[in-house]
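Residue numbers (this note's numbering), protein chains in the order written: chain L, 154 to 449; chain P, 44 to 333; chain W, 9 to 283.
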Amino acid sequence: MGTFVQQCINGLTIGCTYALVAVGFTLIFGVLRVVYLSHGAVLAASSYLGLYALAYSGSVLIAIATGIIGGALLGFIVEYMTVRPFRGQNHLIPMVATASVATIIQEVLRLTFQGGQPIAYPRAITSALYEWKFSEFRIYVTLGQITIALVAILLVVALNLAVKRSWMGRGIRSVADSEWVSSLLGVHVNAISAQTVALGSSLAGAAGVLLGLTVPAIDPHFGETLQFKALAITLFAGLGSVPGAVIGGIMLGLVEAFASGYLATSYRDLFAYVMMIVILSVRPAGLLGRQPAQRV
Amino acid sequence: MSEAALHSFVTLQLIFILAALAHYLPLSMRQLDVGIVGYFAVGAYVSAIFTRDYEMNFALALALGAIAAGIAALIVDSLATRVRLSGFAYAIFSLSFAEALRIILNNTSYVGGTAGFAGIPAETTLIQVSLIFLVVVFGFWLLDRTRLGALKTAIADDEFIVPIFGVPLVATKLVIFVLGGMLGGLAGGLYAHYVLYIRPDNFGFSLLIAIQLPIVFGGLDRFYGAIAGTLILGIVPELVRGLEQYRLIFTAAATVGVLIVRPSGLITFETISRARTSFRKLARGIHPNG
Amino acid sequence: MADPATADFVSEGSKLNSAVRDDGYALSVEAVTKRFGGVVALLDVNLRIHRGPGISAVIGPNGAGKTTLFNVLSGVIKPTAGSVRINGEDVTGLREDHIFRRGVSRTFQGVRLFEHLSAFKNVWLAAGSADDRKMKAVAHWFTGTAANQCAAEAMTTVGLEESVWSKLPSELSLWQLRLVEIARAITSRPHLLLLDEPAAGLNTVEKSRMCDLLRMLSTVLGCRIVIVEHDMKLVMSVADHIWVMNFGRLLAQGSPAEIQNDPNVIEAYLGKVST
């Protein structure tokens, strides 16, 4: 019983992080209908920014805020360089363009910070997150895990409110519905595109910092696998569906936790890939779906 | 560059061009099979197992590696085509297979897991690779002149009407996919027997980027675009002092640049016909009759 | 001129003549219906074509279902209901390439050639696919030499000079493009040739040449040509049998004279004639 609940808690925590990354991703992908492969790199870069913010300020909150803002700015730049010029072209081009930019970001990180060797967040601060534990009933919940869960939930709710209630959100929902009609109605699609990517990237930034606070070390490439998992979750839950991304993220976290708890830990990443293969074989979704029937 | 380093550089470049050509095959049909790193890995591991543990003849082991990779491509692409996956979904699908393979290899102690597979006999020589390269290039040149090559272009141009003229579309696509897989496996086998030590993590996203970006840069219309792209992005960082450590950034930046300015890549269909026309004009100009 | 194809007229729905099985008809379409979600593109269409040369036309307002009918006939679309037989054999739902091998070939609305292949290669690709034997097919994939002759014949038959054979579609005029399309369609010697708006965009002189070409092809190849056309003059001058469609149904059929006087047809085109 203890192990089961423990796995649940672990799974939920990881799941919250996945949900955070997936929500940002599904927002960008779902709204812009563009293959966006820079999410992981933005996450990693924000994580490094957060690390330095934490080192200089000593405050976790500032670190998270830096991650959010840094992520948003970076996303804005990436959007300008790779999403805007290629809108409406065939799938390969934005895919390669965003992957290229991701490579550039990762290489810059590698060259700037210790040649890509894993680097850890300041131990002095993070250890507090590790050490403070709630340990009753043979369950261990660290402060770090609680922090992640809370921040993730907070941000997702905030994003949801932003999309549902704000003027920016209205523009985003309009473009998500129909880019063409929106432009006819005078919505500045380019501006919306930039805002959406910035918004989604801010979540990635937050996730990057949260992860940095709770994993042993970060390196330039640690966003890659996360991005792929976010993709798997988005596929599973449906493009552009925020609640779906949340549920999907938590579910993936739980599945991974249980699988690695009861099976082998090193196969943990395999599930997302298998899930992807199965989903695509059985029920592809929307943009990522089947070839449309062509008219001859 | 010292002679040994040059030797190594050229050998590896040629191997990567083979892998690039292997990846070019599906991409030139506008089919996003990005499983090339998986096929490369299959070829590498399978051939290495046969030479190291079964003392098999190198050529035979290479062939088996290529066949195994071809079978892998057959499986992945049959599934994907049967389900009629659209562009990006196809990419995700094939990439999932490649990544799943990598994780499984990382967990298989027989092939060394994350520690890698060492002790591969040193079999690959520059001469072998050069010969194979020439044969493959000739093969591609020949392909463009056969019906299969024309079908490949037709599928890229207008896939939907190809079967209306009696062509078994799925079978044709699979032939090309399998050829790509086999070539990828061959390249992988040559690679393994040159670097003598391989790890599953060598065959991940970074390798995919290294293979794919140059061929998009060079142009997907003609196979020499893939060769040119890989060569240019491979050689320029070596020629310009101080650029070596920025190699990957250079590749990525060049690719984004080309995509913005000239989305079809450096060498397109028009490039060839225009070159041919100007060459003819030039030749005519030199002719004594004017 | 051979006996015009006198296809039986079976009224929609109710009177289905069940005596038509292996029939001696080159093509027989029975009660074919096609729905796309809520849209009914074809409703209970019945038509038959006798073997032998001749030119039929399918006419009707836009959206009548003419191209959908072609798509069903060439195997691009499976009918929701009903069956299609070629020479008595039930080919309903068969894949496009299988239907092609049973002697049905076509062109498309607008020009749909392979942009990056020369005119000759466009035609060459379609040649020889009619041969079903496996071994030959595999070698054919790689060499295609036998197809050279078929393609050359086809291109000469439609009247394309050799000088344009190696040109790309982007370098050809509309007339030449139409010829290449037709050459591509005839190179397999089909017995049923479906041409979707072959004269669209052509000027008067070219249209008259097209008529001559169609008549010549039908006789020389001994095939039945079915055209979809909007130019009534052209249709009346070249077709020996006409089907009229509207809203996915077969409205009327018969010789040009019969059609011109059919009240249903007049109503469909001109609205009800007040007495």
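C-beta: ideal position from N, C-alpha, C; glycine also. What you are looking at is a predicted structure, and each value in this text was computed from that prediction instead of being measured.
Asked                                                                                                                                                                       : Found
Looking at chain P, which residues of the stretch 220-241 of chain L have a Cβ within less than 9 angstroms of any of its Cβ atoms?                                         : MET234, THR235, PRO238 and PHE239
On the three-pair Cβ rule with 8 angstroms, is the stretch 198-208 of chain L touching the stretch 414-431 of chain L?                                                      : no
Let me check one thing: in DSSP terms, what residues is ALA65 of chain W bridge-paired to?                                                                                  : W:ILE235 and W:ILE250
Contact check, GLY232 of chain P vs SER90 of chain P under 8 angstroms by CB: the rounded distance?                                                                         : 4 angstroms
For HIS124 of chain W, which residues in chain P fall below 9 angstroms Cβ to Cβ?                                                                                           : THR196, ALA197, ALA199, ASP200, ASP264 and PHE312
Output the residue ranges of the alpha helix (DSSP H) runs that lie fully inside the stretch 211-237 of chain P and measure 4 residues or longer, sorted by chain position. : none
Note down, in chain order, every chain W residue with its Cβ under 8 angstroms from the Cβ of VAL126 of chain P.                                                            : Chain W residues near VAL126 of chain P: none, gap ~17 angstroms exceeds 8 angstroms.
If SER191 of chain L sits next to THR279 of chain L, beta carbons under 8 angstroms apart, how far is it from one beta carbon to the other, in whole angstroms?             : That belief does not hold up - the Cβ atoms of SER191 of chain L and THR279 of chain L are roughly 27 angstroms apart, past 8 angstroms.
Kindly indicate which three-state DSSP category GLY247 of chain P falls into: helix, strand or coil?                                                                        : coil
What separation, rounded to the nearest whole angstrom, lies between the Cα atoms of ILE107 of chain W and LEU125 of chain W?                                               : 24 angstroms
Counting only Cβ pairs nearer than 8 angstroms, list the residues of chain P close to SER196 of chain W.                                                                    : PHE208 and GLY209
Of the residues W:SER174, W:VAL243 and W:GLY230, which one's Cα is nearest the Cα of ASP204 of chain W?                                                                     : W:VAL243
Would you kindly report the start and end of the unbroken alpha helix (DSSP H) that includes ARG109 of chain W?                                                             : 104-109
With a cut-off of 8 angstroms on the beta carbons, I'd call VAL284 of chain W and VAL188 of chain W a contact; round off their distance for me.                             : Since the displayed chain W opens at 9 and closes at 283, residue 284 of chain W lies outside it and no answer follows.
Using only CA atoms, which one of W:LEU200, W:VAL246 and W:GLY230 lies nearest to CYS219 of chain W?                                                                        : W:VAL246
So GLU104 of chain W contacts chain P; which residues on that side make the cut at Cβ distance below 7 angstroms?                                                           : PRO206 and ILE207
Across which residues does DSSP place THR151 of chain P in a beta bridge pair?                                                                                              : DSSP lists no partner for THR151 of chain P.
Would a C-beta distance cut-off of 8 angstroms place PRO373 of chain L and GLN298 of chain L closer than the cut-off?                                                       : no
Give me the DSSP bridge partner(s) of ALA38 of chain W.                                                                                                                     : Note that residue 38 of chain W is Glu in the sequence shown here, rather than Ala. Per DSSP, W:SER91.
Would you call the stretch 251-270 of chain P and the stretch 304-319 of chain P in contact, with 3 or more CB pairs under 8 angstroms?                                     : yes
Check whether the Cβ atoms of VAL328 of chain L and VAL236 of chain L lie closer than 8 angstroms to each other.                                                            : no
Apart from the five residues just before and just after PHE122 of chain W, which ones in its own chain have a Cβ nearer than 7 angstroms to its Cβ?                         : ASN130
How many whole angstroms separate the CB atoms of VAL395 of chain L and ASN313 of chain L, which I take to be in contact at a CB cut-off of 8 angstroms?                    : 6 angstroms
Apply the 10 Å Cβ neighbour rule to GLU46 of chain P and answer buried if 16 or more other Cβ atoms are within range, or exposed otherwise.                                 : exposed
Below 8 angstroms between beta carbons: does that hold for VAL40 of chain W and GLY111 of chain W?                                                                          : no
Whole beta strand (DSSP E) runs in the stretch 163-243 of chain L with 3 or more residues, listed along the chain?                                                          : none
Among P:ALA318, P:VAL221, P:LEU103 and P:ILE315, which one has its Cα closest to the Cα of ALA115 of chain P?                                                               : P:VAL221
First and last residue of the beta strand (DSSP E) that includes TRP113 of chain W?                                                                                         : Reading the sequence as shown, one finds Ser at residue 113 of chain W and not Trp. 112-114 is the span of the beta strand (DSSP E), which, as asked, contains SER113 of chain W.
Would you mind reading off the limits of the alpha helix (DSSP H) that contains GLY401 of chain L?                                                                          : 395-415
Along chain L, which residues have their Cβ under 7 angstroms away from the Cβ of ILE303 of chain P?                                                                        : PRO238
Take HIS58 of chain W as the anchor and find which of W:GLY32, W:ASN70, W:PHE44 and W:ARG43 has the nearest alpha-carbon.                                                   : W:GLY32
By the three-class DSSP mapping on this structure, what secondary structure does ARG29 of chain W have?                                                                     : For ARG29 of chain W, the pLDDT reaches just 46, beneath the cut-off of 50, and the residue's location in the model is therefore unreliable, leaving the point undetermined.
Could you tell me which chain P residues have their CB closer than 9 angstroms to the CB of PHE108 of chain W, listed as they occur along the chain?                        : PRO206, ILE207, PHE208, GLY209 and VAL210
So which of P:ILE204, P:THR273 and P:ARG319 has the shortest CA-CA distance to GLY118 of chain W?                                                                           : P:ILE204
Does any residue of chain P have a CB that is nearer than 8 angstroms to the CB of SER82 of chain W?                                                                        : yes
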